[in-house]
Amino acid sequence: MARLPLSTKTRRRNLGLRNMMIVVILMYYHVVVLFLISYKRKCWKIERRIRTRELRSERLFQLIRESDIACISELRMDRRTFHILCDMLRDVGGIEDTRNMPLEESVASFLYILSHHLKNRTIGKFFYRSGETVSRHFNLCLLAVLRLHQLLLKKPEPIPEDTTDDRWKYFKNCLGALDGTHIKVTVPTRIKGRYRSRKGDIVTNVLGVCAPDMQFIYLLPSWEGSAHDGRVLRDAIHRPDGLRVPQGELLLPCGCWLYKRRWFFSPLPRPKISFRPFHST
Numbered sequence: 005m006a007r008l009p010l011s012t013k014t015r016r017r018n019l020g021l022r023n024m025m026i027v028v029i030l031m032y033y034h035v036v037v038l039f040l041i042s043y044k045r046k047c048w049k050i051e052r053r054i055r056t057r058e059l060r061s062e063r064l065f066q067l068i069r070e071s072d073i074a075c076i077s078e079l080r081m082d083r084r085t086f087h088i089l090c091d092m093l094r095d096v097g098g099i100e101d102t103r104n105m106p107l108e109e110s111v112a113s114f115l116y117i118l119s120h121h122l123k124n125r126t127i128g129k130f131f132y133r134s135g136e137t138v139s140r141h142f143n144l145c146l147l148a149v150l151r152l153h154q155l156l157l158k159k160p161e162p163i164p165e166d167t168t169d170d171r172w173k174y175f176k177n178c179l180g181a182l183d184g185t186h187i188k189v190t191v192p193t194r195i196k197g198r199y200r201s202r203k204g205d206i207v208t209n210v211l212g213v214c215a216p217d218m219q220f221i222y223l224l225p226s227w228e229g230s231a232h233d234g235r236v237l238r239d240a241i242h243r244p245d246g247l248r249v250p251q252g253e254l255l256l257p258c259g260c261w262l263y264k265r266r267w268f269f270s271p272l273p274r275p276k277i278s279f280r281p282f283h284s285t
């Protein structure tokens, strides 16, 4: 095979070098473009983080520092009470400022959820936080508030035996008061009808008996919200470990509870319903 001329070899070598330089230049420009895009994206993230922090601080200022009217409307307490609560949660509850969230924002979001019965997604959108962050700080505040129960919750004062109030003579031998309440629950769809109250809520009917010292002495939960109060009371009476009243004692029922028992005391007679004939026309 004949050798190539020197000019051809030179031309091919120059062509290869030129192609290699083009590839190197393209790679260099590609790296520069990627670096500029990454730098611009990083600057955009920093700018967005700064803007979000400013908006978050503005929201917090509107809640706890703008006015007592706004603070009471949104958090159900004035600014002075809010800061007292924050100090108590910091000193006694054990909550501290984190790197990304101050204590005031954590307490404000906690009170905002309780005041308006909102979801953590709604609070996250309001404070520009993730749902996980809102949920975590809500649980921390809840545990801290539970540690303050002896300071925040007033203990009931029992009624003394030797009270001089003449009104208590009408409640002689009264063991306590009996009433019920509806508590909202989440149940399977197939049994929602039984738990729907007359107001349309899915609830459970709970019967409770409270003694004069403000302590519960009997509690019967888990009844359906559609159950009548008298039915719940009959079930409490006929249970093997149900409601028992000692001989000579009475219970003071509230609301529309069953009165046809020897140890149930009705404070007022049932009102008579008057019906006039012209109402039916």
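Be aware that the sequence shown starts at 5, since it is given in the working numbering, and climbs by one per residue.
Heads up, the beta-carbon is just placed ideally off N, CA and C, and yes, glycines get one too.
Leaving out the 5 sequence neighbours to the left and right, which residues in its chain are closer than 7 Å to residue i when beta-carbon positions are compared?
{"i": "R200", "result": "I206, G229 and S230"}
{"i": "D101", "result": "L107"}
{"i": "V191", "result": "Y199 and I206"}
{"i": "C75", "result": "L67, I68, M81, D82, R83 and F86"}
So residue i and residue j are in contact, right, with Cβ under 8 Å, and what is the actual spacing, rounded?
{"i": "A240", "j": "L256", "result": "The Cβ separation is near 15 Å, so there is no contact."}
{"i": "V96", "j": "L146", "result": "So it is not a contact: roughly 15 Å between Cβ atoms."}
{"i": "L254", "j": "V213", "result": "About 12 Å separates the two Cβ atoms, so there is no contact after all."}
{"i": "I68", "j": "A112", "result": "6 Å"}
{"i": "F130", "j": "R194", "result": "With 8 Å as the limit, F130 and R194 do not qualify as a contact, their Cβ atoms being about 36 Å apart."}
Where does residue i fall in DSSP's three states?
{"i": "E51", "result": "helix"}
{"i": "Y222", "result": "strand"}
{"i": "K158", "result": "coil"}
{"i": "V213", "result": "strand"}
{"i": "I206", "result": "strand"}
{"i": "E228", "result": "strand"}
{"i": "K188", "result": "strand"}
{"i": "R200", "result": "strand"}
{"i": "D101", "result": "coil"}
{"i": "D170", "result": "helix"}
{"i": "L247", "result": "coil"}
To which residues of the same chain is residue i closer than 8 Å at the C-beta, ignoring the five residues directly before and after it?
{"i": "L144", "result": "I99 and S110"}
{"i": "R22", "result": "none"}
{"i": "N124", "result": "I117, G135, V138, S139 and F142"}
{"i": "L59", "result": "Y132"}
{"i": "R94", "result": "E100 and L107"}
{"i": "S119", "result": "E78, L79 and R80"}
Work out the CA separation of residue j and residue i for me, nearest whole Å.
{"i": "G180", "j": "P216", "result": "6 Å"}
{"i": "I221", "j": "P244", "result": "16 Å"}
{"i": "T208", "j": "G197", "result": "12 Å"}
{"i": "K188", "j": "S134", "result": "27 Å"}
{"i": "K46", "j": "Q154", "result": "49 Å"}
{"i": "L38", "j": "Y32", "result": "10 Å"}
{"i": "G149", "j": "F65", "result": "The sequence shown places Val at residue 149, rather than the Gly named in the question. For V149 and F65, the distance between alpha carbons rounds to 23 Å."}
{"i": "K49", "j": "L107", "result": "25 Å"}
{"i": "L30", "j": "T12", "result": "27 Å"}
{"i": "V236", "j": "H186", "result": "12 Å"}
{"i": "P9", "j": "M25", "result": "25 Å"}
{"i": "R7", "j": "K44", "result": "55 Å"}
{"i": "W227", "j": "G204", "result": "16 Å"}
{"i": "I54", "j": "S61", "result": "11 Å"}
{"i": "D91", "j": "V249", "result": "47 Å"}
{"i": "R16", "j": "R52", "result": "53 Å"}
{"i": "L157", "j": "M218", "result": "13 Å"}
Looking only at its own chain, which residues have a Cβ that is under 6 Å from the Cβ of residue i, when we skip the five neighbours before and after it?
{"i": "I88", "result": "none"}
{"i": "L115", "result": "L79"}
{"i": "L19", "result": "none"}
{"i": "L211", "result": "G184, L224, V236 and A240"}
Problem set entry | Sequence ranges, alpha helix (DSSP H) only - wholly within the segment 103 to 158, length at least 4 | For the segment 103 to 158, the continuous alpha helix (DSSP H) assignments of 4+ residues that do not extend past its boundaries occur at 107 to 120, 124 to 131, 135 to 151 and 153 to 156, in sequence order.
For this session: Output the residue ranges of the beta strand (DSSP E) runs that lie fully inside the segment 42 to 87 and measure 3 residues or longer, sorted by chain position.
Result: DSSP runs (the beta strand (DSSP E)) wholly in the segment 42 to 87: none.
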